[in-house]
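Sequence order for the protein chains is A and B.
Our numbering runs 3 ahead of the 1-based position in the first sequence.
Our numbering runs 3 ahead of the 1-based position in the second sequence.
2 protein chains.
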Amino acid sequence: MQLHGKHIISGQPAPATETAPSFFAVNPADGAELQPAYREATHDEVNRAVREAADAQDSVAALSPELRGRLLREIAVGIEALGDTLIQRCMAETALPEARLTGERTRTVNQLRMFAALVEEGSWVEARIDRSQPNRKPAPKPDLRRMLMPLGPVAVFGASNFPLAFSVAGGDTASAIAAGNPVILKAHPCHPGTSELVGEVVTGAVKQLGLPPAILSMLHGAGHEVRKALVSHPSLQAVGFTGSERGGRALYNIAASRPAPIPVFAEMGSINPVFVLPGALRTHSNELVSGLTHSATLSVGQFCTQPGVVFVCDCPERERWLEEAGTAIKSQSCGVMLSAGIASAYAEAVSQIENTPGVEPTGAEPVPRERSEKRSTPPNESTAPAAGTVVCPQTFAADLETYLAAPALQNEAFGPVTVFVRVNSEAELLRAAESLEGQLTATIHADSDELTQHAALRAALTRTAGRIIYNGYPTGVEVCPSMHHGGPYPAATFPQFTSIGTAAVLRFARPVCFQNMPAEALPPELQDENPRGILRLVDGTPTREALSQID
Amino acid sequence: MQLHGKHIISGQPAPATETAPSFFAVNPADGAELQPAYREATHDEVNRAVREAADAQDSVAALSPELRGRLLREIAVGIEALGDTLIQRCMAETALPEARLTGERTRTVNQLRMFAALVEEGSWVEARIDRSQPNRKPAPKPDLRRMLMPLGPVAVFGASNFPLAFSVAGGDTASAIAAGNPVILKAHPCHPGTSELVGEVVTGAVKQLGLPPAILSMLHGAGHEVRKALVSHPSLQAVGFTGSERGGRALYNIAASRPAPIPVFAEMGSINPVFVLPGALRTHSNELVSGLTHSATLSVGQFCTQPGVVFVCDCPERERWLEEAGTAIKSQSCGVMLSAGIASAYAEAVSQIENTPGVEPTGAEPVPRERSEKRSTPPNESTAPAAGTVVCPQTFAADLETYLAAPALQNEAFGPVTVFVRVNSEAELLRAAESLEGQLTATIHADSDELTQHAALRAALTRTAGRIIYNGYPTGVEVCPSMHHGGPYPAATFPQFTSIGTAAVLRFARPVCFQNMPAEALPPELQDENPRGILRLVDGTPTREALSQID
């Protein structure tokens with residue numbers, strides 16, 4: 004399949020401006036540039052994409068839930084139909100292994116179908132009806148009906164580490180479209196070809212169903228100008244983003260300084276603390292080593308839920324266990340990161356950690372270290388190979404004072420590094436928990452008596468994290484109604500919203516209330532007969548009945 | 004009842020710092036200073052209030068829904084028990100008439116009881132459970148349970164125009180406490196005595212029930228320092244505000260520039276456009292005059308839903324109707340505004356409107372104009388009396404080009420002024436709708452055929468406003484589950500949330516997900532047996548059943 008290297012504006016390939024700076028995807032495994040060239044979207048191209056989305060927003064909002072569902076399902080089918088073409092290009096652009104990408108593809112199409120089912124069922128709009136009371140004193144009560152409606156044009160920024168599941172047709176796009184919004188997708192410059200392939204699938208599905216073409220535009224860019232122009236555009240209504248704290252905060256700051264600020268839903272950094280209590284080492288010490296090793300090193304540690312810090316309680320087994328865990332993590336294959344930039348940021352973060360006074364390496368160095376790239380670079384020259392992208396898992400240990408004094412240990416280091424922190428008392432355990440910034444996840448390993456006893460620890464983590472895991476691991480985020488993938492800043496810019504699971508749709512809709520509106524001017528969801536059969540709150544009581552069936 | 008003039012920190016009257024600047028409430032009717040003196044809270048006092056709230060947040064969060072409900076109900080009883088003491092002080096501080104304030108008191112205690120009932124029933128926490136599938140391939144599915152939990156310390160800023168319903172024990176405080184958060188209340192400097200009376204009711208109820216005293220602190224201040232210190236405090240988690248766009252944006256900017264930004268839920272300005280189509284003048288011309296007059300001038304126009312602009316379609320009756328409406332509005336009593344500052348801002352806004360080229364007055368001037376204050380000042384010296392607070396209703400007319408060219412006509416002028424704008428075609432009607440910033444409300448007066456035909460107008464208003472009213476008036480906001488009081492910026496800082504109605508509680512809670520957590524470490528709302536009998540989403544299906552009763 005020939006890639007065209009163009010933007011897509013309102014369903015049409017739009018040749019990039021020839022004077023705009025160009026860039027290529029780079030194969031992280033060998034540093035080779037991949038054809039074709041892509042170019043930075045210009046201000047004019049950004050403006051055109053947003054303006055056309057704004058012009059189309061009413062017709063997109065008016066699409067029936069059935070059509071929105073069909074579109075999402077057609078996109079899923081189209082992604083599957085790309086078959087190996089998609090996987091091969093994506094492997095070349097990301098160095099993620101085939102099994103990981105086919106798995107991510109499954110997740111992506113499942114997400115699309117999940118949001119399709121959500122809008123087809125329809126109750127997600129949280130319809131509420133309070134019937135009129137014309138004879139109420141001192142004043143009559145009007146008829147009030149409220150439901151969630153689309154926001155308008157949404158910008159979605161593709162994520163480097165999920166080239167399918169959080170990119171062109173990923174969770175943000177799927178939930179924004181499910182809610183009835185046009186999307187302007189800023190493709191991640193690490194995988195423009197993958198983005199183009201999926202972008203063409205989306206526009207093909209839109210065309211096939213005869214929907215408004217401006218439902219998706221896709222713009223390329225590797226610099227900061229595109230994001231600034233996009234997020235500043237007065238017609239844009241919201242932003243979805245998954246990535247670094249720095250990147251998310253930059254978008255947040257642009258949006259917050261607009262004359263009319265808009266919400267930026269950024270899922271950002273997290274060190275995903277794990278608390279190991281003595282009972283865990285008594286009851287499942289070995290399983291904890293293997294589970295933690297898997298979670299910390301999977302996909303070269305490139306998950307926002309990678310466990311970056313493990314607080315280990317004082318207990319007789321501790322030093323032996325730290326040695327075992329460190330050795331197990333370090334014995335994992337080195338791997339190619341998503342880009343040279345990400346690898347060098349990892350190397351810098353690791354270097355800051357290991358140069359912090361009081362930090363020592365833990366676990367035995369594997370000799371010779373097996374590298375997935377079969378290069379025999381020494382363990383400490385992790386950025387040495389040609390492409391500068393191969394890194395190895397690292398572990399360190401420190402005491403709590405060292406950890407608390409060193410921002411390098413408390414900030415997310417994106418990649419396969421885990422810092423073990425010794426906590427020597429209940430008071431230190433709580434100090435550790437209290438010190439945390441907002442987290443996507445926090446994990447407790449303990450026996451069940453300990454878990455019950457540590458109410459203060461649980462309370463502190465509940466205050467800090469979006470998800471609390473017991474005797475499990477933070478990676479492997481389920482996509483389902485109960486998932487919450489978010490948390491207090493900097494886990495996310497907005498603690499109320501999730502970027503994974505059905506509730507992600509709520510980011511891209513807002514309530515609208517209709518007062519004394521005749522049936523013919525009401526959306527079907529709010530009409531007396533409840534033609535869509537959704538669950539509604541009528542006079543405060545949940546029901547699927549038509550109004551005529553109530554009272 | 005003797006007022007103490009102190010702050011309240013964690014349930015205790017805290018003498019103000021003697022070196023801090025002092026201020027008095029001022030009776031807007033005569034300019035007299037009201038005893039006692041209040042003083043600006045110092046940084047130390049702000050820090051202590053937030054720190055003690057943060058220290059208490061786990062115990063506040065752990066209060067059972069029954070206790071939270073009892074607290075809200077006790078506060079309501081206590082406010083009623085203040086009787087005339089409260090109303091008299093409030094009248095002196097606000098110049099709002101007795102009937103208005105007794106009505107607002109009723110609304111306030113009803114709101115408190117509504118949130119009490121909401122938390123007692125309990126389903127507001129949106130509990131979701133996805134049961135484990137240990138045999139799922141390729142990986143087992145964990146048990147996931149999610150519900151809304153408190154945010155932590157919330158700052159609430161009392162509003163000048165609702166000294167009871169959006170002040171110390173108003174909707175923001177009630178919903179924040181209902182959700183399980185401690186509140187630091189910044190009393191509005193226009194009614195510190197009213198605030199103290201209600202603040203003492205809250206702390207008395209907290210004491211009587213033996214609850215954590217830090218559930219409410221109340222700080223005084225008339226300058227910007229208190230708000231800056233409060234919103235900047237690292238332990239603060241959210242802000243609730245009702246007031247001007249300038250005030251709300253200032254809070255938003257402080258919060259957005261924190262190292263860890265927090266949400267500011269500000270309900271701000273709105274001009275609440277009314278669209279009058281020809282059928283309205285045919286079917287209910289007189290009723291429209293009287294309804295609009297009431298809505299535009301009620302409480303001296305000091306409502307965020309006051310209709311500030313009326314777009315009137317081309318039709319034979321238009322000029323006569325404009326004259327009637329203008330005359331009716333101007334014939335209403337002049338009145339005392341909440342403060343000299345608000346009155347002078349109103350005078351300035353009116354002056355900007357009337358000095359805009361192309362704007363003409365509409366309706367006959369009443370001679371002599373009857374003033375509620377019985378002063379015989381000429382109509383155009385509305386700020387002349389001693390206290391500088393008496394203003395009179397004003398109306399103007401303009402064509403659409405004039406309106407679109409003049410920010411003074413498009414911005415909210417807080418007070419009893421309404422601008423009638425002539426729109427002379429369907430195209431102009433749509434241009435008017437498309438030109439609007441975010442609005443709390445938009446109203447259409449039309450016959451039902453016209454309403455149906457104007458789909459584009461309805462779509463444009465649905466995109467712009469939080470509430471769409473048909474053949475009604477924007478003032479008189481119902482407090483119920485279906486109400487949405489918010490909208491795109493600048494109606495509110497966050498289009499997803501309402502500040503009125505049961506959904507207001509959602510501002511002050513966030514989802515937390517528990518993975519594989521044993522029953523004893525789960526909140527009752529998420530336990531298998533569903534001991535609170537709440538509506539939950541179990542494996543995607545809404546139910547009140549215990550898990551053992553399902554499948």
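We put the beta carbon where it would ideally sit given N, CA and C, even for glycine.
Item: Using three-state DSSP, classify serine 25 of chain A as helix, strand or coil.; Value: strand
Item: By Cβ distance, which residues of its chain are closer than 7 Å to valine 234 of chain B, with the 5 residues on each side in sequence left out?; Value: Ala158, Val242, Leu254, Ile257, Ala258
Item: Go through the region 264 to 303 of chain A residue by residue and report every complete run of the beta strand (DSSP E) that reaches 3 residues or more, in order.; Value: 267 to 270, 277 to 279
Item: Per the DSSP calculation, isoleucine 11 of chain B is bridged to which residue(s)?; Value: B:Pro16, B:Met221
Item: Of all the CB atoms in chain A, is at least one closer than 8 Å to the CB of glutamate 453 of chain B?; Value: no
Item: Does arginine 510 of chain B pass the burial test, meaning 16 or more other C-beta atoms within 10 Å, or should it be called exposed?; Value: buried
Item: Decide yes or no for the touch test of the region 290 to 308 of chain A against the region 528 to 546 of chain A: beta carbon pairs closer than 8 Å, at least 3 of them.; Value: no
Item: Cβ closer than 7 Å: which chain B residues qualify as neighbours of asparagine 474 of chain A?; Value: Asn519
Item: Please report the distance separating the alpha-carbon of proline 382 of chain B from that of cysteine 395 of chain B.; Value: Interpretation of proline 382 of chain B is limited by its pLDDT of 42, a score under 50 that renders its predicted location unreliable; no figure is taken from the coordinates.
Item: Here's the rule: buried if 16 or more other CB atoms are within 10 angstroms of the residue's CB, otherwise exposed. What is aspartate 317 of chain B?; Value: exposed
Item: So valine 353 of chain B is in the alpha helix (DSSP H); what residue range does that whole segment cover?; Value: 343 to 357
Item: Taking only beta-carbon positions, decide if glycine 543 of chain A is within less than 8 Å of chain B.; Value: yes
Item: On the DSSP bridge assignment, give the partners of methionine 152 of chain B in chain order.; Value: B:Arg513
Item: Mind pulling the chain A residues with CB within less than 7 Å of phenylalanine 497 of chain B?; Value: Pro266
Item: Taking C-beta pairs closer than 7 Å, name the residues in chain A that histidine 487 of chain B reaches, listed in chain order.; Value: Arg149, Pro514, Val515, Cys516
Item: So is proline 307 of chain B in contact with chain A if we call contact Cβ pairs under 8 Å?; Value: The displayed chain sequence assigns cysteine, not proline, to residue 307 of chain B. No, its Cβ sits nowhere closer than 8 Å to a Cβ of chain A.
Item: Can you name the start and end residues of the alpha helix (DSSP H) that lysine 210 of chain A belongs to?; Value: 195 to 211
Item: Using only alpha-carbon positions, find the residue among A:Arg54, A:Gly469, A:Pro514, A:Ala436 that is nearest to alanine 463 of chain A.; Value: A:Ala436
Item: Can you list the residues of chain A that threonine 465 of chain B reaches, using a CB-CB cut of under 7 Å?; Value: Met152, Val515
Item: Smallest Cα separation from glycine 213 of chain A: which of A:Arg73, A:Pro410, A:Thr22?; Value: A:Arg73
Item: Any Cβ of chain A within less than 8 Å of the Cβ of arginine 560 of chain B?; Value: Here chain B has residues from 4 to 554 only, and residue 560 of chain B is not among them.
Item: Out of B:Pro237, B:Gly250, B:Gly251, point me to the one whose CA is closest to proline 262 of chain B's CA.; Value: B:Pro237
Item: Determine the closest residue to alanine 119 of chain A out of A:Asp450, A:Ser178, A:Ala142, with distance taken between C-alpha atoms.; Value: A:Ser178
Item: List the residues of chain A whose Cβ lies closer than 7 Å to the Cβ of glutamate 523 of chain B, in chain order.; Value: Thr455
Item: Is it right to say histidine 227 of chain A is buried, meaning 16 or more other beta carbons lie within 10 angstroms of its own, or is it exposed?; Value: exposed
Item: For glutamine 530 of chain A, decide whether its Cβ has a neighbour in chain B, counting only Cβ atoms nearer than 8 Å.; Value: no
Item: Quick one: what's phenylalanine 500 of chain A bridged to in DSSP?; Value: Paired residues: none, contrary to the question.
Item: Bridge partners for glutamine 136 of chain A per DSSP, in chain order?; Value: A:Lys144
Item: Is there a Cβ from chain B that is less than 8 Å from the Cβ of isoleucine 557 of chain A?; Value: Residue 557 of chain A falls outside the range modelled here, since chain A spans only 4 to 554, and no answer is possible.
Item: The alpha helix (DSSP H) that contains glutamine 91 of chain A, what's its start and end?; Value: 68 to 97
Item: Pull up the distance between the alpha-carbon of glutamate 516 of chain A and that of isoleucine 503 of chain B, whole angstroms please.; Value: Per the sequence shown, the amino acid found at residue 516 of chain A is cysteine instead of glutamate. Straight-line Cα distance between these residues: approximately 12 Å.
Item: Figure out for me which residue from A:Leu301, A:Val313, A:Thr365, A:Glu270 has the closest Cα to the Cα of glutamine 335 of chain A.; Value: A:Leu301
Item: Is glutamine 552 of chain A helix, strand or coil by DSSP?; Value: helix
Item: How big is the Cα-Cα spacing for glycine 366 of chain A and arginine 148 of chain B?; Value: 36 Å
Item: With a CB to CB cut of under 6 Å and the five nearest residues on each side skipped, what residues in its chain are close to cysteine 93 of chain B?; Value: Leu104, Pro166, Thr197
Item: Apart from the five residues on each side of it in sequence, which residues of its chain come closer than 8 Å, Cβ to Cβ, to aspartate 450 of chain A?; Value: Leu280, Gly282, Ala283, Arg285, Thr286
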